[in-house]
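Novice: First, the structure itself, so that you have it in front of you.
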Amino acid sequence: MSITNTHSSRGPSSRRSPREFFSSLRGWLPVAPFVGFVTVFLLMPAAVVFQKAFVRVDEPTAPMIEAITGQYRKSFIFSMQLSAITAVLGVVFGTMVAASIVRLGHRRGLRNAMTGYSAVAANLGGIPLAFAFLAALGMQGLLTKILKTSGIDLVGMGFRISNFWGIVVVYLYFQIPLMTLVMLPAIDGLKVTWREAAANLGAGDRQYWRLVALPLLLPSLIAGFLLLFANAFAAYATAYALSSGSSKLVPVQIRFFLQGDTITGKTNLGYALAAWMVIIMTVSMTGFLLLRRRAERWRR
Amino acid sequence: MKRRNILAKLVLVAVGLFYVLPMISMARFAFQRVPVALLGWNNLFDRWTIRPLFTMMGNPIFQEAAFLSVRLAVLSAMLTLIILVPTVVYVHVSMMRARALVEVISVLPFVVPAIALVVGISGAFRELAPWFIRSDYSLVPFYVIIALPYTFRSIDNGLSSIDVKTLVDASRSLGASWTRTMWSVIVPNIRVSVVTASFLTMTVVLGEFTIASLLLKETLPLILAQSQGQDPQGSFAVGLVLLIMTASLLGLANRFSRRRNITQPVAML
C-alpha cells in the first residue's frame, strides 16, 4: 500500500498523540485552497453583509429593525406572498404532473421526455424567460391575442405580466418542473403492496389516498414547498425584466440602495435587507433538508 | 382506472402546452414581421425572416458583450476545474472524512441569493480592492461560487463511480508523479464529469444577470435587457438562441451523467 493510506488505516478508537494530531492536521491541508477560495469569495462577502447590517452609522433606528418596518416591511410581505403563492401552486401542479407521469409510467419515452425537460426547465430563468412570457402574455402577446379571440380578455380582466399574478405565472415555469423532480421519487416510492393492503382491509380509492398515501407524501410536499419558496424568494432577474425595475420585490429595493448614492439616515439599510434575505433563505433551506431526510425514511 | 389515465394525459398535455407556448410565442415575435394585432389565419405564414437575429449579431455592442460572456464562461469553467478536481480527488483518495465538509460548503451558495452576494461583494471589495471590482474578470470567481453546488455534485459523482484509490496507488507505485497521475489517470477516467461540470458552469455564466448588472459589467444578459427597447425583435431572437443553448447544455449534462438530474443538486440532497 502507498503512503497515503496511513491515516485511514488507523482505527477510530485509537488515542491521538500530539504528533498524530498534527499529522491529521496536515491531512486537511490539501483541502485548504478550496476552503480559502470559498471563504474569500462567498463567506467574507456574506460576513460583511451581516457586519454592516448590525452597525448603525447615521440611522435613527438600527438598520436590521428599519429593514422590517414601514415600506420595507411591505416589500418583504410582498416578496414572501409572491414566493408562497408560486410555491403552493408549484406544489399542486408539480405533484399532479409527477403523479400523472407515474400513472402513465408504462410509456418510458413519455416519462423520459417529461423528466428530461423538467430538469432543464427548472434551471431556466433570467432575462430570456421574461422575454418569452412578454411575447406570450404581454399586452401584445400571442396568447393574450388567442385568448381574446376566444372570449377571454386578460388585459380587460386587469392581468398584467408585470404585476403580482403575472410574475406568479412566469415563476411557475421553473417552479412546476422543480416540484415534479422533487415528487417523482416520492410517488415512485409508494409501494403497490400498501395499496393492496389497504384495499384488502376494505379501503376505497379515496380512503387510500387520504389515510395512507397523503400522510406518507406529506413530508415531501412540505419540503417541496420550502424549496420552491426559497427558489422564488431568491429570484431576481426575471421579475426585474418583467417590471422594468419598478417592482416592490425586496431584491429590487436592494438594487436601489446599491445603485444610488446613499440616502442620509439609511447608509446600511441595503445590507440589512440583504441580511434578512439570507436569514429567510437559511431558515427555509434548513427546514427543507430536515423534512427531506424524514421523507426519505420510507424509501428503501 | 381508464378515467384516471385520461386525467393524467390531460394534465401532461396542459403542462406541455404551458412549457412550449411561451417559446413558440417568442420565436414568432422574433422572426415574423407581422404585429400581433394584425395576425390572423390568413397571414400566419407570411413574412417570416431570421434577419432580426443577424442584425443584432452585427451590432458591435452585442458582439463585445457576447465575446465577454464567452470568455467569462470559459474562464469560469477552467477555474472551477482547477479548484474543484484536485480537492475532490484528494478527499476521495485519502480523506473521506472531509467529504461531508466539502459537500456542505458546496451547497452554501444556495442560501446566499445573488442579490445578497453582490451587496456583500461591493461592501467587501470596493474599499479593500477597488481594482479587482473594476475588472470584468472579477466576475469569474463569483460565477465559480454560484455554480459550485452543481459542479461539486458532478465531479463527486464521477469519482464515486470509479475506484480512485486503486488507480492512484497503481499509478504512484509505477512511479508517476501526482501531476501525471491527475492528468493521465484520473482526468481521463472522469472526463464525462469534467465536461458536465464545464457545461453547468457555462450555463450559469451565460444566464447570470444580477451580479453582472450591479457591478456594471456589460455581459450578454445585460445587453439583452438594455436593447429590449431599441431592438425588441433582435433582442428576443438572441434571447431565444440563448435559451436554446442553455437548454441544450443542461440537457447534454443530464444525458452524460449516469445519475439523472445532476442539474438539481438541492432536490437530490
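Listed in order, the protein sequences are those of chains A and B.
The first sequence runs contiguously to residue 314 in the working numbering.
The second sequence runs contiguously to residue 273 in the working numbering.
Note that CB positions come from ideal geometry on N, CA and C, so glycine has one too.
Would you kindly report the start and end of the unbroken alpha helix (DSSP H) that includes Trp45/B?
Specialist: Element bounds for Trp45/B: n/a, residue is neither H nor E.
Novice: Does the ligand NAP have a heavy atom nearer than 7 Å to the CB of Thr170/B?
Specialist: In the structure on display, the ligand NAP does not appear, and there are no ligands present to speak of.
Novice: Here's a check: name, in chain order, each residue in its chain whose Cβ is nearer than 7 Å to the Cβ of Phe178/A, leaving out the five neighbours to either side.
Specialist: For Phe178/A, where only same-chain residues beyond five positions count, the Cβ hits under 7 Å are Leu96.
Novice: Can you tell me which of the three DSSP states Gln36/B falls into?
Specialist: The answer is strand: DSSP assigns Gln36/B an E or B state.
Novice: Please list, in chain order, all residues of the same chain as Ile65/B whose beta carbon is under 7 Å from its beta carbon, the five residues on each side excluded.
Specialist: Cβ neighbours of Ile65/B beyond the five flanking positions: Ile227.
Novice: Alpha carbon to alpha carbon, what distance is there between Val182/A and Ala101/A?
Specialist: Straight-line Cα distance between these residues: approximately 9 Å.
Novice: Exposed or buried, what is Tyr141/B when buried is set at 16 or more other beta-carbons lying within 10 Å of its beta-carbon?
Specialist: It counts as exposed.
Novice: What does DSSP give as the partner residue(s) for Trp52/B in the beta ladder?
Specialist: Answer is Gln36/B, bridged to Trp52/B.
Novice: Can you pull the chain B residues whose beta carbon is under 7 Å from the beta carbon of Thr109/A, in chain order?
Specialist: Those do not exist, as Thr109/A stays about 10 Å from chain B at its closest Cβ, beyond 7 Å.
Novice: Would you mind stating whether Lys262/A and Phe147/A have Cβ atoms separated by less than 8 Å?
Specialist: No, the Cβ-Cβ distance between Lys262/A and Phe147/A is not below 8 Å.
Novice: Residues in the same chain with beta-carbon distance under 8 Å from Val217/A, minus the five sequence neighbours each way, listed in chain order, please.
Specialist: What sits at residue 217/A in the sequence shown is Ala, not Val. Closer than 8 Å at Cβ, skipping near neighbours: Leu225 and Val226.
Novice: Can you find a CB in chain A that lies within less than 8 Å of the CB of Arg8/B?
Specialist: Taking Cβ atoms only, chain A reaches closer than 8 Å to Arg8/B, which makes this a yes.
Novice: Less than 8 Å between CB atoms is the rule here; does Ala288/A satisfy it with respect to chain B?
Specialist: Interface residue, yes.
Novice: Enumerate, from N- to C-terminal direction, the unbroken beta strand (DSSP E) stretches of 3 or more residues contained entirely within the region 181-213 of chain B.
Specialist: Taking only runs of at least 3 residues, no beta strand (DSSP E) segment lies wholly in the region 181-213 of chain B.
Novice: Near Tyr23/B, which residues of its chain fall below 7 Å by C-beta distance, leaving aside the five closest residues on each side in sequence?
Specialist: Excluding positions up to five away in sequence, the list is empty.
Novice: Please report the distance separating the alpha-carbon of Ala150/A from that of Asn214/A.
Specialist: Cα to Cα, the separation comes out at about 50 Å.
Novice: Is any beta-carbon of chain A found at less than 8 Å from that of Ser29/B?
Specialist: So, interface residue.
Novice: Using the beta-carbon of each residue, which ones in chain B are nearer than 9 Å to Ala251/A?
Specialist: Within chain B, the residues near Ala251/A are Ala118, Gly211, Glu212, Phe213, Thr214, Ser217, Pro225 and Ala229.
Novice: Below 8 Å, how does it come out for the region 198-210 of chain B and the region 245-253 of chain B: are there three or more Cβ pairs, yes or no?
Specialist: Yes, the region 198-210 of chain B is in contact with the region 245-253 of chain B.
Novice: Consult DSSP for His120/A and reduce its assignment to one of helix, strand or coil.
Specialist: Coil.
Novice: Below 8 Å on the Cβ atoms is my guess for Val63/A versus Ala249/A; work out the distance and round it to an integer in Å.
Specialist: No, Val63/A and Ala249/A are not in contact; Cβ-Cβ is about 19 Å, not under 8 Å.
Novice: Quick one: residues in its chain with C-beta nearer than 7 Å to the C-beta of Gly119/A, no 5 flanking neighbours on either side, listed in chain order?
Specialist: Only Arg125 meet the Cβ criterion.
Novice: Along chain A, in chain order, which residues have C-beta atoms closer than 8 Å to that of Gly62/B?
Specialist: By Cβ distance, chain A contributes nothing, its closest Cβ being about 20 Å from Gly62/B, past 8 Å.
Novice: When you compare only the Cα positions, how much space is there between Gln267/A and Ala61/A?
Specialist: Taking the straight line joining both Cα atoms gives about 21 Å.
Novice: I'd like to check one pair, Leu283/A with Ala81/A: are the Cβ atoms closer than 8 Å?
Specialist: A contact, by the Cβ cut-off of 8 Å.
Novice: I want to verify the contact list: residues of chain B whose CB lies under 9 Å from the CB of Tyr185/A, in sequence order.
Specialist: Those within 9 Å of Tyr185/A in chain B number zero; the least Cβ separation is about 12 Å.
Novice: Which of the three DSSP states is assigned to Val97/B in this structure?
Specialist: In the structure shown, Val97/B sits in a helix (DSSP, three-state: H, G or I).
Novice: Indicate whether at least one CB of chain B lies closer than 8 Å to the CB of Met58/A.
Specialist: At least one chain B Cβ lies under 8 Å of Met58/A.
Novice: Given that Met94/A touches chain B, what residues does it touch there, using C-beta distances under 8 Å?
Specialist: By Cβ distance, chain B contributes nothing, its closest Cβ being about 14 Å from Met94/A, past 8 Å.
Novice: With 16 as the cutoff for other CB atoms within 10 Å, does Asp160/B come out buried or exposed?
Specialist: Buried: at least 16 other Cβ atoms inside 10 Å.
Novice: Any Cβ of chain E within less than 8 Å of the Cβ of Gln154/A?
Specialist: Annotation note: the requested chain E is absent from the structure, which comprises protein chains A and B.
Novice: Ignore the nearest five residues each way along the sequence and tell me which others in Leu152/B's own chain have a CB closer than 6 Å to its CB.
Specialist: Once the five neighbours on either side are set aside, the close Cβ partners of Leu152/B are Ser110 and Pro113.
Novice: Helix, strand or coil for Thr129/A per DSSP?
Specialist: Helix at Thr129/A.
Novice: Secondary structure at Ala248/A, three-state DSSP: helix, strand or coil?
Specialist: Of the three classes helix, strand and coil, the one that applies to Ala248/A here is helix, per DSSP.
Novice: How is Phe260/B classed by DSSP in three states: helix, strand or coil?
Specialist: Phe260/B falls in the helix class under three-state DSSP.
Novice: Is the CB of Asn214/A under 8 Å away from at least one CB in chain B?
Specialist: Cβ-Cβ to chain B under 8 Å: no for Asn214/A.
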